[in-house]
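Under this note's numbering, the sequence shown has -2 at position 12, and the numbering climbs by one with no breaks.
For each residue, glycine too, the CB sits at the ideal point set by N, CA and C.
Inspection log for the structure reproduced underneath, given as structure tokens.
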Amino acid sequence: MREEWELWDRQCSACERYGPLDDMQLCQECGEKMERDLLRLREWDYTATAFGLPPERWEEARQAVITEYGAAMELLEPSQPKTKKKGRGRPPGQLHRGG
Ligand SMILES: [Zn+2]
């Protein structure tokens, strides 16, 4: 019995690997991706980076992430619409043109 195994007995909620997790239930690697994605989204309230910087430097930190890692999202959805659009809507591929 080794107590340290308790730390490893949880699964990352993003990549499903077992390991030590942060308070978001993410492993270190996914936690870093999450942090970068949050910066890309300007979700300043949720980033540790913004927490440690004055607001006028936030945009700078975001640009640094994009320069180094690219603008593409790594962990989160590219855009999370506030309202669910499923089912109803325009029928796909049908254009009616009166002429
Ligand atoms: Zn992970």
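TODO: Pick helix, strand or coil for glutamine -3, following the three-state DSSP scheme.
DONE: strand
Open item on the list: Restricting to Cα atoms, I'd like to know which of Arg26, Glu45 and Asp(-5) is closest to leucine 97.
Closed with: Past the edges of the chain, shown from -13 to 85, lies residue 97, and the structure says nothing about it.
TODO: For threonine 33, count neighbouring Cβ atoms within 10 angstroms of its own Cβ and tell me buried if that reaches 16, exposed if not.
DONE: buried
- [ ] Inspect the CB distances between the region 11 to 25 and the region 52 to 62 and report whether three or more fall short of 8 Å.
- [x] yes
Open item on the list: On the DSSP bridge list, what partners appear for tyrosine 4?
Closed with: Gln(-3)
TODO: Measure the CB-CB distance between alanine 57 and arginine 26 and report whether it falls below 9 Å.
DONE: yes
- [ ] Would you decide whether arginine 48 is buried or exposed? Buried here means 16 or more other CB atoms lie within 10 Å of its CB.
- [x] buried
Task: Straight-line gap, leucine 7 to cysteine 16 (C-alpha atoms, nearest Å) - done: 9 Å
- [ ] Using 8 Å as the cut-off, classify the Cβ of glutamate 15 as near or not near the heavy atoms of ligand 1, replying yes or no.
- [x] yes
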